[in-house]
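Protein chains in written order, with this note's numbering: chain A, 6 to 841; chain B, 8 to 257.
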């Protein structure tokens, strides 16, 4: 019989353990595959988003602010040498429908994209699933996205009514575009109309962006330089498709790095399981190995025999893992939907992710098996037939192996992980986890004693036995605890980071909004529209209406978020925490003009200090000087980060047409009905009534989804650790068969034996949970600090997650004890006491 | 004298592949309180199986065992375990000590299992007493790997005696020991019998060990072939027993 067949039979003789080990590998591979597939899905979504956004254009000129690019700028672009074709477009958000009833919730807005029906198809493919494309520059026709058609029940031929600056206009749907349509961040609700009609509807002759196709054979860089030289009258952003893709990818980098980190941890736990399984097999088969050696098997053959078993487990586990990974990836993509600025369009299950996942699974299994296989090969026939293995050498080898596996998984992780800032963070986290795990043997007896206290109170003897069993082979217990600890540590760490992010976002909102609720608009509301006066008239108990607008400015050549605010309102409401500058005079200064308050992050990045002057380009061509009068901890969030704050006087110079939102403060003692009145009147002005709690809730939901997913992935590592606990406890039972027999002969009941194994698992679980919580809090703190945050010990500990992790650790471990405990309690005494 | 242990028509069969092995074939016996009985026979004769069934470690296929009047077959596993813990003691051929526990802890095991505190009161006195009986005073806190083979087996004897069991079962207790060390163990057993009235059932294939008993039951083919009354003696001279065995052609 070949050694491979013998290996196969050996695995079949231990069906349950082999299945558990295979499942452990499968779960590790599943998380890895799901991570790779999701990352591939993100890449493909980024590519498809870029394709949708830019099409075949070589360059894009995008406008700053609501005023957009003027006809002069568009003309200048068109006349730039090397430019062959331009596709200008205007983008605005509106509400569809003939009327919005007062008091009713506003429907989700749509994004209207005005395009040149002739030029646009030269640079962009518009994929129709029904109807036809736009042809005439002035036709009252529209294309809509498939998602909008489905959500609003619209079909080809249906009328759609839009509210522009003048009367409502009604267009006819002539075509339906596939999927979410050609825009990112529009939530799939898109209406495409001819540019001229869009400009007429919105009373604007500007455009939002101009996509450029350069003449064949012309260098894009040369055209880009020529554009920079010509476009001097208003601020703009010039980008290539690569720039846009890089920006989108950056917004997903943290997600990808965290997924890769968790996959690496799950793989480590899987490798640990294989190592322990094969170690057990070596101990169990020591006589068989001795017989094989006595019968003439060489060391190499014995090593091959053991490695063959690992190969079978690796192949089985990896293939099963890819199957599970497909399901997991589909679940992840469906659950998360949006990562950063990228909407995942569909679960991407790339076949090329299966190959590395299977190879890593098999390779990891083989690597984990190397040490036990070599140990088996070194067994002397005589030693095997009469004695036990030299445990101390095995223990040392296990700890060396632990370091080895960490290093291998790190290298694999570095190769497989996406590039970006998250990699350093992941490496630091990984190193902390390694150091933490290596410390376990040193503190094992103390931790076991501590974790044993609750059990000692009611089951003193069982606790003593269980603790003795744990410290009998510290390296095995270390590996078991290590896998459980890092799984739980990741759950706690991610919980801590999630809580920190939620708290920071909540505090942010409360810190910067000068009111108790917000009325938001999808279009700028100009001061001369009289909306504020109408609101005050309708709801007299409003104490203050503070207009806010967010926009972009070009600062030192980079797009920077800015916000127009009323300094006096912020002062009256006690908002903003200043780290530099005088609060009262700074807020007064921005209202007076020529001054700005900058967030600490921006001040750090640009090295700004109070008193410095920033020069910002304006539409008029005359740059605006803004003196830095204060630096604040947190500022109003813009589209990409925190905004520098200016007064409305300067905002108007910077092209801000009106407010995007109004922060409302009611007078003290305002009747409860005032809020309902405001909600009703706001709707008639197409203003969305949003409480600060609703904003916090939305932030909580968004964070909850992402961190919930990470926690679920980390829980897979805990599940793998549980399989390891089954193996370790079974091994402990097998090694103690005779001892259990003696105890039974001396009067220990089956239930007591059962309890001693379950208590052992409970101590392991509690010890793992305690270590996991401590390590998790450290790792979580590090992740927050590395991401630029600050740790708040008083509020930063995620008590709920800590409690859940401790319960999870104990419950998982004690459940894992079911089989070994049953095995131990049912040992026949007579055979047990004779067991060698 | 009071009968402490009785067995009636015990049989015990084991499946072995497609066939069954009959280890016991209708054994009946009785042991009186304070008696030292030896079950003697060659390997495979069924003597160890008989001892395990008598001690409640194994259940007979048919037949009945009563210990102090209680039918072991009618007891649940937990009841049988408690009876074993409280009323019997076992000494095995392998010393079967718990390697992680020291001498006192190993001896105290039956008390610890029962939830008692062996570090104080009467239990501590009893532990001290049996350790003295087996001559291990001074080595109370040695771990098994720090003791010689004979000392380890004496710990096992002390553990078996510490509960003051009604019956002590010893299965080849000298099988792994040299002659001198084995004699020490047998002396300790005999001492507990003579000085403390301990009832002992000893399994052995060695006539010199069996000669310590008051009565020797010769087991062969799963049955009691012969009972040899030696009576309580001051010496452990094996010659009369060996001569009697020779007479019987055993």
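Ideal placement from N, C-alpha and C gives every residue a C-beta, glycine not left out.
A quick note: this is a predicted structure, and the numbers were derived from the prediction, not measured.
Item, Value
"For residue 803/A versus residue 662/A, is the C-beta spacing smaller than 8 Å?", "no"
"Out of curiosity, what's the CA-to-CA distance linking residue 545/A and residue 157/A?", "37 Å"
"If we count the other Cβ atoms within 10 Å of its Cβ and call it buried at 16 or more, is residue 21/A buried or exposed?", "exposed"
"Take residue 457/A and list the residues in its own chain whose beta-carbon comes closer than 6 Å to its own, dropping the five residues that flank it on each side.", "468, 472 and 768"
"How many angstroms separate the CA atom of residue 381/A from the CA atom of residue 311/A?", "8 Å"
"Is it the case that the Cβ atoms of residue 511/A and residue 30/A are separated by a distance below 8 Å?", "no"
"Let me check understanding here. Comparing Cα to Cα, which of 17/B, 194/B, 153/B and 244/B lies closest to residue 58/B?", "17/B"
"Of all Cβ atoms in chain A, is any one closer than 8 Å to the Cβ of residue 103/B?", "yes"
"So if DSSP puts residue 15/B in a beta bridge, which residue, or which two residues, is it bridged to?", "71/B"
"Would residue 29/A count as contacting chain B if we go by Cβ distances under 8 Å?", "no"
"With a cut-off of 8 Å, does the C-beta of residue 394/A fall near any C-beta of chain B?", "With a pLDDT of 45 at residue 394/A, under the threshold of 50, the modelled position of that residue is not reliable, and the figure given next carries that caveat. So, not an interface residue."
"Answer with yes or no whether the minimum CB distance from residue 15/B to chain A is below 8 Å.", "no"
"Would you check whether the ligand COA has a heavy atom nearer than 7 Å to the C-beta of residue 835/A?", "Looking at this structure, you won't find the ligand COA or any other ligand, since it has none at all."
"Quick check: what's the CA-CA separation for residue 179/A versus residue 527/A?", "26 Å"
"Tell whether a beta-carbon distance below 8 Å holds between residue 807/A and residue 838/A.", "no"
"Find the nearest neighbour of residue 833/A within the set 623/A, 753/A and 258/A, judged by alpha-carbon distance.", "753/A"
"Can you tell me whether residue 306/A is buried or exposed? The criterion is at least 16 other CB atoms within 10 Å of its CB, across all chains shown.", "exposed"
"Residue 120/B versus chain A: which residues are under 8 Å apart at the beta carbon?", "466, 748, 751, 752, 753 and 757"
"Answer with buried or exposed for residue 160/B, where buried requires no fewer than 16 other C-beta atoms within 10 angstroms of its C-beta.", "buried"
"If you draw a straight line from the alpha carbon of residue 611/A to that of residue 251/A, how long is it in whole angstroms?", "22 Å"
"Could you check how far apart the C-beta atoms of residue 90/A and residue 82/A are, in whole angstroms? I think they sit under 8 Å.", "About 11 Å separates the two Cβ atoms, so there is no contact after all."
"Would you decide whether residue 822/A is buried or exposed? Buried here means 16 or more other CB atoms lie within 10 Å of its CB.", "buried"
"Comparing alpha-carbon positions, which option in 480/A, 723/A, 591/A and 550/A lies nearest residue 496/A?", "723/A"
"May I ask you to report which of helix, strand or coil DSSP gives residue 227/A?", "helix"
"Specify whether the region 775–790 of chain A and the region 478–493 of chain A touch according to this definition: at least 3 beta carbon pairs, one from each stretch, less than 8 Å apart.", "yes"
"Per the contact definition of three or more C-beta pairs closer than 8 Å, is the region 114–121 of chain A in contact with the region 193–207 of chain A?", "yes"
"In its own chain, which residues sit with a C-beta less than 7 Å from the C-beta of residue 308/A, not counting the 5 before and 5 after it?", "378, 379, 381 and 382"
"Could you tell me the boundaries of the alpha helix (DSSP H) in which residue 69/A lies?", "Segment: none, residue 69/A is in no alpha helix (DSSP H) and carries neither H nor E."
"Return the CA-CA distance between residue 814/A and residue 557/A, expressed in angstroms with no decimal places.", "49 Å"
"Compare the C-alpha of residue 483/A against each of 509/A, 660/A, 149/A and 451/A and name the closest.", "451/A"
"Who does residue 214/A pair with in a DSSP beta bridge?", "67/A and 94/A"
"Among 100/B, 101/B, 31/B and 95/B, which one has its Cα closest to the Cα of residue 69/B?", "31/B"
"For residue 737/A, count neighbouring Cβ atoms within 10 angstroms of its own Cβ and tell me buried if that reaches 16, exposed if not.", "buried"
"Per DSSP, residue 654/A forms a beta bridge with which residues?", "Partner(s): none; residue 654/A has no beta bridge."
"Which chain C residues sit within Cβ distance under 7 Å of residue 65/B?", "Here chain C cannot be found, since the structure's protein chains are A and B."
"Starting from residue 141/B, trace the alpha helix (DSSP H) in both directions and tell me its first and last residue.", "Neither: residue 141/B is in no alpha helix (DSSP H) and is coded neither H nor E."
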